[in-house]
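In terms of the working numbering, the numbers along the sequence shown are unbroken and rise by one, the last being 124.
Using N, Cα and C, we set each Cβ at its ideal position, and we do this for glycine too.
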Amino acid sequence: MDRFFFIAGSISAFLGVALGAFAAHGLKTKLPTEMFNIFEVGVRYHMYHALALLAVGWASTRWPGGSIVAAGWLFLAGTIIFSGSLYLLSLTGLRWLGAITPIGGLAFLLGWLLLAWGILHAN
């Protein structure tokens, strides 16, 4: 699983940088300020959790266990749900997408707790 999370983190970071550049160079003048700011929040959390996936890859080599793997999956799901919903909301203006964003935030929170739990209870 360590290789998977290193690859997922690397690809996620690539996408975060690409989406950030797309926003800065392609959306800044096209989106209303509020929607641009929403997109930027998505990019910010996307990048944080790309780095978290790399940390999970490393942690799983040091303290293997189900909690650490589950944390990685939650970070991945959180990125898709949280950041993805913010990207879509800012590009489409569909406000109902904001209702699913907290599900991704919850995945992030649980991921961080499980990462700590897995390290704390490792042999």
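Checklist line | Cβ-based burial, His-26 [other Cβ within 10 Å; buried from 16] | finding: Its Cβ having fewer than 16 others within 10 Å, His-26 is exposed.
Next item on the list: Compare the beta carbon distance of Gly-39 and Leu-114 with 8 Å and say whether it is the shorter of the two.
Entry: Before going further, note that residue 39 is Ile rather than Gly in the sequence given. No, the pair does not count as a contact, with Cβ atoms beyond the cut-off.
Next item on the list: Compare the beta carbon distance of Ala-24 and Val-42 with 8 Å and say whether it is the shorter of the two.
Entry: no
Item checked: CB contact flag (Val-70, Ser-61, <8 Å) -> At a Cβ-Cβ threshold of 8 Å, Val-70 and Ser-61 count as neighbours.
Check: Nearest to Gly-66 by CA position, among Leu-95, Gly-119 and Trp-74, is which residue?
Finding: Gly-119
Notebook entry, point to check: What is the rounded straight-line gap between the Cα of Ile-101 and the Cα of Arg-4?
Noted result: 30 Å
Margin query: Between the alpha carbons of Gly-58 and Val-18, how many angstroms are there, rounded?
Written below: 20 Å
Next item on the list: Could you tell me how far apart the beta carbons of Ala-108 and Ala-78 are, in whole angstroms, since I believe they sit closer than 8 Å?
Entry: Yes, Ala-108 and Ala-78 are in contact; Cβ-Cβ is about 5 Å, under 8 Å.
Next item on the list: Could you pull the start and end residues of the alpha helix (DSSP H) that Leu-28 belongs to?
Entry: Here Leu-28 belongs to no alpha helix (DSSP H), and DSSP marks it neither H nor E.
Item checked: Simplified DSSP state of Pro-103, which is helix, strand or coil -> helix
Next item on the list: Excluding the 5 residues preceding and the 5 following Leu-75 in the sequence, name in chain order all residues of the same chain whose CB lies nearer than 8 Å to its CB.
Entry: Ala-108, Phe-109, Leu-111, Gly-112 and Leu-115
Next item on the list: Quick one: residues in its chain with C-beta nearer than 6 Å to the C-beta of Ala-72, no 5 flanking neighbours on either side, listed in chain order?
Entry: Val-57, Gly-112, Leu-115 and Leu-116
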